[in-house]
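Numbered by our numbering, the letters in the sequence shown go through residues 515 to 839 in order. For every residue, glycine included, the Cβ atom is placed at its ideal position computed from N, Cα and C. Predicted, not measured: the structure shown is a model, and the values here were computed from it. Below is one structure, written out as structure tokens; comments come after it.
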Amino acid sequence: MDGLLKQRVVALARRLGFDLAGVTTAEPLPEADVALQAALAEGRLEVLPWMRAERVFLATHPQELFLPARSILSVGMSYLSDSPAARPPGPAGRVARYAWGDDYHTVLRERLRDLRRAVEAMVGRPLAAKICVDTAPLAERAIAVRAGLGWQGKNATLLSPGLGSWLVLGEVLWDLELAPDGPYRGSCGDCDLCLRACPTGALATPHTLDVGRCLAYLTIEHRGEIPPRLRSFVGDRLFGCDVCQEVCPHNAIARAPNHRAFRPQHGPWLALRPLLALTDAELAARFGKSSLRRAGVEGLRRNARIVWGNLHPSGQVRPVGPNPA
Ligand code: B12
Ligand code: SF4
Ligand code: SF4
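Below, the structure written as structure tokens:
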């Protein structure tokens with residue numbers, strides 16, 4: 515195992531703008547395997563049609579996902595920025611913080627590609643490497659914990675001292691033998707603020723999220739109508755939910771790296787009116803480089819209608835159409 519090379523790779527990752535970087539082995543993740551299998555068996559992942567037994571197995575067996583892997587570089591980037599965009603006039607919906615700037619998938623993937631090229635130049639050979647940012651079947655938070663980046667909080671997010679949980683994660687699986695870092699050994703202690711703050715009770719048990727009740731799932735991933743019994747919980751949340759992070763004491767003291775890529779462009783607030791009749795062309799033009807795309811035209815229109823209805827509970831205003839007022 516090469517300790518010196520590891521240090522150089524981690525230093526390079528820092529220079530490329532990653533706030534956190536650590537290395538772990540490509541060995542299976544047995545604890546995460548048990549947790550994910552339990553989530554599957556208990557039906558907590560049922561609403562995610564792609565999260566099936568095979569994917570869950572791959573998530574905790576990196577070498578099954580990418581056979582040549584000898585180590586994994588885990589990176590984290592904070593999207594915290596301390597100059598939010600101004601609130602537009604009129605009715606507006608709230609956007610989760612990770613989606614205020616450029617789409618993190620693109621931001622991290624491009625940097626990881628640069629990193630891979632730089633490491634290839636450093637070691638003088640092409641690398642067999644797989645870059646993952648969210649979309650690969652990989653338990654990214656469990657990997658980050660084992661690479662020493664932070665701990666998994668009771669709200670299920672990866673938290674790091676000084677940066678809190680305002681982090682997005684990425685990995686490179688490669689055929690490089692790098693000395694692993696030790697796992698992070700922090701915990702939430704007896705705090706339970708996030709469990710009590712979750713609007714829908716999706717965090718009834720620490721560390722285990724009931725995905726079907728989570729507003730991030732309902733407003734981003736869910737297709738079709740949101741069940742009427744859950745619509746009032748959406749409140750003014752147009753896209754995603756940050757409640758279980760906003761109440762976290764570690765986030766109250768988190769430092770903001772203010773990365774240019776995450777400069778707020780689409781949040782914290784978006785005007786509702788233009789979204790009520792959003793078209794595919796407008797989605798591409800306005801949100802082409804943003805994570806907001808993920809909800810799709812139908813999803814954003816649906817969410818805007820629900821938020822509009824929640825903001826006008828007396829029903830005197832018709833919550834559909836391009837100019838509902
Ligand atoms: C599916 C998914 C979702 C789903 C389900 C989320 C969930 N908690 O499972 C939905 C759509 C709801 C969602 C929401 C969000 N997501 Co999301 N999501 C994912 C995705 C694609 C897979 C996650 C997964 O495997 N879930 C299944 C569950 C079972 O896995 P898990 O929670 O990691 O499992 C652990 C726990 O069960 C834990 N555990 C169980 N019991 C116990 C007991 C103890 C004592 C301990 C310590 C641990 C523990 O061990 C397991 C393994 O680590 C990942 C990317 C990836 N490939 O990993 C992004 C990812 C987790 N999401 C991310 C983000 C940013 C979000 C949101 C913040 C977005 C938002 N603001 O709206 C919210 C956060 C909601 C929350 N509180 O988790 C980031 C998280 C970064 C971070 N700091 O943690 C990720 C890593 C994407 C990325 N590359 O950056 N997401
Ligand atoms: S994202 Fe919102 S709904 Fe989901 S667990 Fe956190 S507080 Fe609850
Ligand atoms: S609010 Fe408290 S329990 Fe929840 S993640 Fe933060 S420290 Fe952990």
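Range covered by the alpha helix (DSSP H) that runs through residue i
i, result
"Phe-801", "794-801"
"Ala-527", "517-529"
"Cys-758", "757-760"
"Thr-620", "618-637"
Residue(s) in a DSSP beta bridge with residue i
i, result
"Ala-535", "Val-589"
"Ala-606", "Ala-785"
"Trp-665", "Leu-673"
"Gly-678", "Ser-674"
"Thr-719", "Thr-722"
Residue i (DSSP reduced to helix, strand or coil)
i, result
"Leu-786", "coil"
"Glu-556", "coil"
"Leu-732", "helix"
"Trp-822", "helix"
"Ala-643", "strand"
"Ser-701", "coil"
"Gly-684", "strand"
"Gly-835", "Since pLDDT at Gly-835 reaches only 37, below the 50 mark, its modelled position is unreliable, and the value read off the structure follows with that caveat. Of the three classes helix, strand and coil, the one that applies to Gly-835 here is coil, per DSSP."
"Gly-726", "helix"
"Ser-597", "coil"
"Gln-551", "helix"
"Arg-611", "helix"
"Ala-711", "helix"
"Ala-809", "helix"
"Val-561", "coil"
"His-780", "coil"
Residue i CB to nearest heavy atom of ligand 3 below 8 Å
i, result
"Pro-771", "no"
"Cys-755", "no"
"Ser-679", "yes"
"Cys-762", "yes"
"Pro-720", "yes"
Residue i, enclosing beta strand (DSSP E) - first and last residue
i, result
"Leu-752", "751-753"
"Leu-690", "That residue, Leu-690, is in no beta strand (DSSP E); it is neither H nor E in DSSP."
Burial state of residue i, where buried means 16 or more other Cβ atoms lie within 10 Å
i, result
"Asn-765", "buried"
"Gly-835", "Low confidence applies to Gly-835: its pLDDT is 37, below 50, so where it sits in the model is not reliable, and the reading given next is rough at best. Exposed is the call here."
"Val-523", "buried"
Closer than 8 Å: residue i CB and nearest ligand 2 heavy atom
i, result
"Asp-750", "no"
"Pro-862", "Nothing about residue 862 can be read from this structure; the chain reaches only from 515 to 839."
"Arg-727", "yes"
"Cys-705", "no"
Residue-level contact to chain D via CB, residue i, 9 Å cutoff
i, result
"Gly-678", "Annotation note: the requested chain D is absent from the structure, which comprises a single protein chain."
Any non-hydrogen atom of ligand 1 closer than 8 Å to residue i Cβ
i, result
"Ile-734", "yes"
"Gly-557", "no"
"His-780", "no"
"Tyr-698", "no"
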